[in-house]
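K.L.:
To start, I am sharing the structure in question, which I have written as structure tokens.
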Amino acid sequence: MGFSLAFLLGLALWPLSLNAGTVVRVNTTLGDFYLEMFDAVTPITVNNFLGYVNAGLYNGTIVHRLSPGFVIQGGGYTFYEDVQSFYEIEPGNPIVNEPRRSNQRGTISMAKQPGNPHSATNQWFINLGNNTGLDIDNGGYAVFGRVLGDGMKVVDAIAALNPVYLITGWDRFPTRNYTGGRLLNSHLVFLNMEVAGRTDGHAAEFKPETGRLRAFVDAGALGLMSVEMALLGETPALTVKLDPAKMFPLPARVDNMAMFDSNTGRLTIPEVRINGEIVWRNVRFMLTDAAQLVFTLEGVD
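When the count follows our numbering, it moves up by one through the sequence shown with no breaks and lands on 545 for the last residue.
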């Protein structure tokens, strides 16, 4: 189990900011990483970005710009191999600019039209370096989140790909094993996005309407993390399955945090709430299927 969680999350965890809230999982051709949204700092920009995420509009899009040492950019296009064409994702209405954080390495910002500070729609970019010049250029580029944990390893892997001009007048694309001629999907970096959860709320909450339990866990050497488990069944014993797509790093310990012992496979949750009310205490699960990440209830007070 310890190895499985370490593989899924990585051991190099960045602390989240005090303004943390929504966490987005980014699944790419080269691996996954997580984004922390600055919900309270840039609410307009975050809501705009999450609107595209929740509508699935970023799914199947590509990283269409690589400027080595500067940025990678995406959110605007997809590619259809059969007809050898790029298609634009229809943008929504432009939003008001919120330039409140610096464009440091690992932060994510919204792209804009030149000379128009309030023109951001769907395209985003991740800073590969400390691009402080963007803090004042074109009214400032709105940083609305940052890459979590060791996720920059994935971003840097994309940035290390071969940058190639594929369309006249465009910047270079990051390409994989492309030497010219017919362009294949495998030559490009595709991605999907989904909301993984939030970093606020009670230490452990169960939602009967979804059959899901979310808990903040201290996993020892594996670090602090948020996990979500789906109810599988209640007979002959209650079992839950951990959802890897809903796991992400946490910044610090919280009161009544669950504990996972990787040596014994036991997960102990001090209290579980439903709609804010404590309904169970000292909930004890045992890892019974490490390959499938299934836990079986041992007992509850």
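Glycine included, each C-beta is placed from N, C-alpha and C at the ideal position. Note that this is a predicted model, so its numbers are computed, not measured.
Along the beta strand (DSSP E) that carries tyrosine 324, what are the first and last residues, could you check?
P.N.:
Residues 321–324.
K.L.:
So, helix, strand or coil for proline 493, using DSSP?
P.N.:
Here proline 493 sits in strand by DSSP.
K.L.:
Can you tell me which of Gly520, Gly320, Pro407 and Leu274 puts its alpha carbon nearest to the alpha carbon of glycine 336?
P.N.:
Residue Gly320 is the option with its Cα nearest to glycine 336.
K.L.:
Can you tell me the Cα-Cα spacing of asparagine 382 and lysine 356, whole angstroms?
P.N.:
Answer to the nearest angstrom: the Cα atoms are 8 Å apart.
K.L.:
Can you tell me whether serine 329 is buried or exposed, with buried defined as 16 or more other CB within 10 angstroms of its CB?
P.N.:
Exposed is the call here.
K.L.:
Reducing DSSP to helix, strand and coil, say where proline 186 ends up.
P.N.:
Any property of residue 186 remains undetermined from this structure, which presents the chain solely from 245 to 545.
K.L.:
Between the segment 383–397 and the segment 343–352, do at least 3 Cβ pairs fall closer than 8 Å?
P.N.:
Short answer: they touch.
K.L.:
Note down the Cα distance separating threonine 423 from asparagine 371, rounded to an integer number of angstroms.
P.N.:
Computed Cα separation, rounded: 27 Å.
K.L.:
What residue range is occupied by the uninterrupted beta strand (DSSP E) comprising asparagine 382?
P.N.:
Run containing asparagine 382: none; DSSP gives neither H nor E here.
K.L.:
Would a C-beta distance cut-off of 8 Å place proline 361 and asparagine 341 closer than the cut-off?
P.N.:
Contact: yes.
K.L.:
Mapping DSSP to helix, strand and coil, what is methionine 473?
P.N.:
In the structure shown, methionine 473 sits in a strand (DSSP, three-state: E or B).
K.L.:
Under a three-way DSSP split, which group does glycine 455 fall into?
P.N.:
Looking at glycine 455 - three-state DSSP - the assignment turns out to be coil, as it is neither helix nor strand.
K.L.:
Check for me: the alpha helix (DSSP H) holding threonine 289 runs from which residue to which?
P.N.:
It spans 287–298 - the alpha helix (DSSP H) in which threonine 289 sits, taken as one unbroken run.
K.L.:
By a C-beta neighbour count over all protein chains shown, 10 Å radius and 16 as the cutoff for buried, is glycine 254 buried or exposed?
P.N.:
For glycine 254, the predicted model reports a pLDDT of 30, less than 50, meaning its position is unreliable and no value from the coordinates is stated.
K.L.:
Thinking C-alpha only, which one of Arg416, Ala284 and Pro452 is nearest arginine 344?
P.N.:
Ranking Arg416, Ala284 and Pro452 by Cα distance to arginine 344 puts Ala284 first.
K.L.:
Alpha carbon to alpha carbon, how far is arginine 416 from threonine 454?
P.N.:
Answer to the nearest angstrom: the Cα atoms are 44 Å apart.
K.L.:
Ignore the nearest five residues each way along the sequence and tell me which others in phenylalanine 450's own chain have a CB closer than 6 Å to its CB.
P.N.:
Cβ neighbours of phenylalanine 450 beyond the five flanking positions: Leu457, Val516 and Ile518.
K.L.:
How many Å lie between glycine 543 and leucine 482 at the Cα?
P.N.:
Glycine 543 and leucine 482: Cα-Cα distance of roughly 10 Å.
K.L.:
Quick one: what's got a C-beta closer than 8 Å to proline 452's C-beta in the same chain, skipping five residues either side?
P.N.:
Around proline 452: Ile518.
K.L.:
If you draw a straight line from the C-alpha of glycine 377 to the C-alpha of serine 346, how long is it?
P.N.:
So the alpha carbons of these two residues sit roughly 9 Å apart.
K.L.:
Which residues mark the beginning and the end of the beta strand (DSSP E) in which arginine 510 is found?
P.N.:
It spans 510–518 - the beta strand (DSSP E) in which arginine 510 sits, taken as one unbroken run.
K.L.:
Measure the beta-carbon distance from methionine 491 to methionine 469 and round it to whole angstroms, keeping in mind my assumption that it falls under 8 Å.
P.N.:
The Cβ separation is near 6 Å, so the contact holds.
K.L.:
Tell me the DSSP secondary structure of leucine 262 in three-state form.
P.N.:
Model confidence at leucine 262 stands at a pLDDT of 45, short of 50, so the residue's coordinates are unreliable; what they give is reported in the following sentence. Three-state DSSP puts leucine 262 in coil, outside helix and strand.
K.L.:
Less than 8 Å between the C-beta atoms of leucine 531 and lysine 485, yes or no?
P.N.:
Result no, Cβ atoms of leucine 531 and lysine 485 do not sit closer than 8 Å.
K.L.:
For isoleucine 370, which residues does DSSP report across the bridge?
P.N.:
Paired residue(s): Ile316 and Ile352.
K.L.:
With a threshold of 8 Å on Cβ separation, who are the neighbours of valine 439 within its own chain once the five nearest residues in sequence on each side are excluded?
P.N.:
Thr266, Val267, Val268, Arg269, Leu294, Val297 and Asn298.
K.L.:
Does the Cβ-Cβ distance between alanine 447 and aspartate 487 come in under 8 Å?
P.N.:
Not in contact: alanine 447 and aspartate 487 (Cβ atoms no closer than 8 Å).
K.L.:
State the Cα-Cα distance for the pair glycine 373 and serine 311, rounded to the nearest angstrom.
P.N.:
Their backbone Cα atoms lie some 11 Å apart in a straight line.
K.L.:
Going by C-alpha distance, which of Asn436, Ser506, Asp400 and Phe434 is nearest phenylalanine 314?
P.N.:
For the residues Asn436, Ser506, Asp400 and Phe434, the minimum Cα distance to phenylalanine 314 belongs to Asp400.
K.L.:
For valine 433, count the other beta carbons within 10 Å of its own beta carbon; 16 or more makes it buried, fewer makes it exposed. Which is it?
P.N.:
Counting Cβ neighbours within 10 Å, valine 433 comes out buried, since at least 16 surround it.
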